[in-house]
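*Asks:*
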Amino acid sequence: MTAQADPTNDARPTAILVVGAPASGKSTVGRLLAERLRPGAFIEGDALWQMVVAGREDMSDPPTDAALAQLELRYRHGAMLGRSFVDAGISAVHVDNIFGDGVAAQLDRMGGRPRALVVLRPSVEAIVRRETERGTGAYDGWIGDGTLADAVSVFDGWVGETPPVGLWVDSTGQSPDETVDWIMDRWDEALVDE
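Using this note's numbering, read the sequence shown as starting at 956 and increasing by one per residue.
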């Protein structure tokens, strides 16, 4: 029987990507996960998006060319920061809205070995509840003539198109700390290079 990997005691810094729909808990869980790693850094996709302070283009349906270009820039910079931290001996947790084949592309951009992927996929109802409580308007550009639940369902479909690698977490009934505990207990499943 092989010993289970322990990211808190592993001498190798890890590049960790946490993805999921908006309001799935990525930022909260990602920050808590980074805080458990020694040393650990937290890279938030939304913070990179907010760095464009003039002329920022929000993603919507359909997205503009400028919005897509800024999204790609955001992904590139998140990966660049992650590589920089890992190269300096610090595990990096990068959280962002990345779906489908874009997840593998982002893992490739992040480089480093080992790499880990955590896909947060709580129920549509849980995401609707969280988004309503936090009131950020993350889905405003996607609702159209439908409901918030309709928009969340679209994003959930995109999450479902992500290749089945890494650790998938249905965090519907979990607190953020419980989700991080669950991830830590199943760390081997999150590793995509081992």
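Glycine included, C-beta positions come from ideal geometry on N, C-alpha and C.
What is the residue span of the beta strand (DSSP E) that GLY1115 lies within?
*Replies:* Careful: GLY1115 lies outside any beta strand (DSSP E), inside the alpha helix (DSSP H) at 1103-1115.
*Asks:* Of the choices PHE1110, PHE997, VAL1079, ARG1064, whose alpha-carbon is the least far from that of SER1046?
*Replies:* PHE997
*Asks:* Please say whether ALA1002 and GLU1012 have beta carbons closer to each other than 8 Å?
*Replies:* Here GLU1012 is not near ALA1002, since their CB atoms are 8 Å or more apart.
*Asks:* Would you mind giving the Cβ-Cβ distance between ALA989 and ARG1085, rounded to the nearest angstrom? I have them listed as a contact below 8 Å.
*Replies:* At roughly 20 Å, the Cβ-Cβ gap does not stay under 8 Å, so ALA989 and ARG1085 are not in contact.
*Asks:* In whole angstroms, give me the CA-to-CA distance for ARG986 and THR1091.
*Replies:* 19 Å
*Asks:* In the DSSP assignment, find the unbroken alpha helix (DSSP H) run with GLY1016 in it and report its ends.
*Replies:* Per the sequence presented here, residue 1016 reads as Asp, with Gly not at that position. First-last for ASP1016: undefined, no H or E at that position.
*Asks:* Is the CB-CB distance between ASP1056 and GLY1033 below 8 Å?
*Replies:* no
*Asks:* At the level of alpha carbons, what is the spacing between PRO1077 and ILE971?
*Replies:* Each residue's alpha carbon lies about 19 Å from the other.
*Asks:* Where are the beta strand (DSSP E) runs, 3 residues long or more, that stay fully inside the region 1031-1061, in chain order?
*Replies:* 1046-1051
*Asks:* Identify whether GLU1012 lies in helix, strand or coil by the three-state DSSP scheme.
*Replies:* coil
*Asks:* Hey, how far is the Cα of ASP897 from the Cα of GLY1128?
*Replies:* Residue 897 lies beyond the residue range present for the chain, which begins at 956 and ends at 1149; the question has no answer from this structure.
*Asks:* Taking only the alpha-carbon atoms, compute the straight-line gap between VAL1166 and ASP1105 and give it to the nearest angstrom.
*Replies:* This structure gives no information on residue 1166, because the portion of the chain shown stretches from 956 to 1149.
*Asks:* Quick check: what's the CA-CA separation for THR1134 versus LEU1028?
*Replies:* 29 Å
*Asks:* Rank GLY1101, VAL1079, GLU1088, TRP1097 by C-alpha distance to the C-alpha of SER1126 and give the top, closest one.
*Replies:* Nearest of GLY1101, VAL1079, GLU1088, TRP1097 to SER1126, Cα basis: VAL1079.
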